[in-house]
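Below: one structure, written as structure tokens.
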Amino acid sequence: MLLAENTTSGVELYQSCIGCHGAKGEGSIGPRLAGRDAEQMSANLKTYRAGGQVGPMSSIMIPAVKNLSDADIKTLVDHISQF
Numbered sequence: 031m032l033l034a035e036n037t038t039s040g041v042e043l044y045q046s047c048i049g050c051h052g053a054k055g056e057g058s059i060g061p062r063l064a065g066r067d068a069e070q071m072s073a074n075l076k077t078y079r080a081g082g083q084v085g086p087m088s089s090i091m092i093p094a095v096k097n098l099s100d101a102d103i104k105t106l107v108d109h110i111s112q113f
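With my numbering applied, the sequence shown corresponds to residues 31 to 113, in that order.
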């Protein structure tokens, strides 16, 4: 049995991030993501997904990532890491 592949691209996942973090992760309302440590971003996203607090924007981030799978988070972080 083959498992379904994650077909959502990092570009697609990042579309909902642009409004706060900028098109290239440069920051806007939300903090700069470009140049951040990938492991830390992944850990933060997983904490938000679990409903945990990471910083002052937690109330915005928690619902924004609650439906992301581990594979989605990896894909998203891989995309952001290219900035």
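C-beta: ideal position from N, C-alpha, C; glycine also.
Query - For T105, the first and last residue of its enclosing alpha helix (DSSP H) - result: Position 75 of the sequence shown, counting from 1, holds the residue named residue 105. Looking at the DSSP string, the run of the alpha helix (DSSP H) that includes T105 is 100-110.
Requested in this report: Quick one: using the 10 Å Cβ neighbour count with 16 as the cut-off for buried, is G49 buried or exposed?
Outcome: For this step, residue 49 is matched to residue 19 along the sequence shown. The residue in question, G49, is exposed, as its Cβ has fewer than 16 Cβ neighbours within 10 Å.
Query raised in the report: By the 10 Å Cβ neighbour count, where 16 or more other Cβ atoms means buried, how is V95 classified, buried or exposed?
Result: Translated into positions along the sequence shown, residue 95 becomes position 65. Burial call: buried.
Query raised in the report: What are the start and end residues of the alpha helix (DSSP H) that includes K76?
Result: For the purposes of this step, residue 76 is identified with residue 46 of the sequence shown, where counting begins at 1. From DSSP, the alpha helix (DSSP H) with K76 extends over 68-79.
Report task. Classify S58 as helix, strand or coil using the three-state DSSP reduction. Result -> As a position in the sequence shown, residue 58 is number 28, starting the count at 1. Coil, per DSSP.
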